[in-house]
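>
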Amino acid sequence: MAKTILAVDDSASIRKMVLFTLKRGGYDVVEAVDGQDGLEKALKYQVNLVLTDQNMPRMDGLTLIHSLRELANYHAVPILMLTTESSDEMKSKGRAAGATGWLVKPFDPSRLLDVVRKVIG
72 MAKTILAVDD
82 SASIRKMVLF
92 TLKRGGYDVV
102 EAVDGQDGLE
112 KALKYQVNLV
122 LTDQNMPRMD
132 GLTLIHSLRE
142 LANYHAVPIL
152 MLTTESSDEM
162 KSKGRAAGAT
172 GWLVKPFDPS
182 RLLDVVRKVI
192 G
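Under the numbering used here, think of the first position of the sequence shown as 72, with each following residue one higher.
(1) Does the separation of the CB atoms of I191 and L120 fall below 8 Å?
(2) Hey, quick one: how far does the beta strand (DSSP E) through L151 stretch, first residue to last?
(3) So the candidates are L142, A147 and L133; which of them puts its Cα closest to the Cα of E160?
(4) Taking 8 Å as the cut-off, decide whether the C-beta atoms of L114 and E102 are in contact.
(5) Throw me the rounded Cβ distance for the M130 and D105 pair, which I believe falls under 8 Å.
(6) Which stretch, first to last residue, makes up the beta strand (DSSP E) that contains G172?
(7) For the candidate residues T154, E111 and Q107, whose alpha-carbon lies nearest to that of L122?
(8) Going residue by residue through the stretch 110 to 164, where are the continuous alpha helix (DSSP H) segments of at least 4 residues, counting only ones entirely within it?
(9) Any heavy atom of the ligand FAD closer than 7 Å to the CB of D159?
(10) Which of the three DSSP states, helix, strand or coil, is assigned to D108?
(11) Taking DSSP as the reference, what is the three-state secondary structure of A73?
(12) Thinking C-alpha only, which one of N144, E156, A167 and R95 is nearest H137?
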């Protein structure tokens, strides 16, 4: 059975690229348009991995990670940040919030699949 990934990004073009890449890798994907939508979808679906952007309307990625980590069934779910933010300060905020890893946009599709496979198989 395919593993499910929640992809949260306010950019439709990035979501399309992520969706295409992950589906090609054999994963099911649930899309969300921002952090608030991502939190609602996380409550509705049980996912194996969350992939989130940082800078989004309504709720940013760090707030989404904090919110997910407060939910019992998301304590151990890996969360990867996929963002243009690459400063050490932002990465440490991500780790403090509970992010499992960090990928910088623009992303290399094969690298994204490699990281996802390492994290969830």
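From the three backbone atoms N, C-alpha and C, an ideal C-beta is built for every residue, glycine too.
All values reported here derive from a predicted model rather than from experimental measurement.
With the given structure in hand:
(1) yes
(2) I150 to T154
(3) L133
(4) no
(5) 6 Å
(6) G172 to V175
(7) T154
(8) 132 to 140
(9) The ligand FAD is absent from the structure shown, which contains no ligands of any kind.
(10) helix
(11) coil
(12) A167
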